[in-house]
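**Student:** This is the structure I want to talk about, given as C-alpha cells.
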Amino acid sequence: MVFNLEKAICVPSVRHIIEKRDGVLNHFGPIFRQPSEIKKEDYLNFLSIQNNYHWSGLERLGRKVAEDMDNLRHALSILVDESQLLSRRLDKCLQDLQGVGHATLTAILLVAYPAYYGVWNSTSECEMKEKGLWPSFERGASTGQKYEVINEVLLGLAKQYSIDTWTLDALWWAEKAERYESGHYKNAWDIAIWSMVD
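Set out below in C-alpha cells:
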C-alpha cells in the first residue's frame, strides 16, 4: 500500500489542505479556465499559500511574469487549451514564462481541471521515487513529455485510492512529513536538503 489514508487525513496540516480544496477550486478554477481575463492580482494571489492553501514557494520566481500580463494571459491560454497536446502546451509555457516552473504550471492545471491533472513538484517527485513509482522516460524527453507520463501515474494513483488529485498531492506532503519526523533524513546533508525544499 502506497498511502495510509486514514493516518494521513489525521495529520492536521493535511486535513486543512483537503478541507480548503473546494474553496480554492471554486475560486481559482474559473479564473484559470478563462486566462484571457485573468487579472494580475488573481495570479499573484494564487501564488501565495495564504490563498492556495496548498503550495508554498510558488511566489518565489513566479511573480516576475506578472509584469507582462499580456504574455502571461497568452501563455496560460495555451496551457489550458485542451485541443493541443499536453506536452507541447507545458513546454511552450516553460519557454514563454521565464521563472515559472513545472510545479507552478501543473498546480494551475490541477486547479483548472482537477479531474485531469496532478501536480509535479519536488515533493511529489521525491515521494514517487521513494515509493518506486517514478516512471522512466524516453531518452531526450522534454519536460512536457515527462509530465505526460508522470500525470498518467498520478491519475492512476488517484483512481486506485478513489481520491482526487488535490488530495493525492496533500498525501505526498503527509508522507514527506512522516519520514522527516521518523528520522529518515538522518545526516546533516539530508537535513540541509530537507530545509531547502521545505
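All the letters of the sequence shown, read from the start, carry residue numbers -11 to 186 under the numbering used here. Where is the CB? At the ideal position from N, CA and C, for every residue including glycine.
For a quick check, are the C-beta atoms of A91 and V107 less than 8 Å apart?
**Tutor:** Going by C-beta atoms, A91 is nearer than 8 Å to V107.
**Student:** Starting from K8, follow the alpha helix (DSSP H) in both directions and report where the run begins and ends.
**Tutor:** Run containing K8: P0 to R21, per the alpha helix (DSSP H) assignment.
**Student:** Kindly indicate which three-state DSSP category Q133 falls into: helix, strand or coil?
**Tutor:** Here Q133 sits in helix by DSSP.
**Student:** Look at the alpha carbon of N59 and the alpha carbon of K8, and state the distance between them as a whole number of angstroms.
**Tutor:** In a straight line, the C-alpha of N59 is about 30 Å away from that of K8.
**Student:** Excluding sequence positions up to five away, which residues of its chain have a Cβ less than 7 Å from the Cβ of D152?
**Tutor:** So the qualifying residues of the chain are P102 and A146.
**Student:** Any idea what DSSP makes of A103, helix, strand or coil?
**Tutor:** A103 falls in the coil class under three-state DSSP.
**Student:** Less than 8 Å between the C-beta atoms of K19 and D30, yes or no?
**Tutor:** For the record, residue 19 in the displayed sequence is Ile; it is not Lys. Going by C-beta atoms, I19 is nearer than 8 Å to D30.
**Student:** Would you decide whether R21 is buried or exposed? Buried here means 16 or more other CB atoms lie within 10 Å of its CB.
**Tutor:** Under this definition R21 is an exposed residue.
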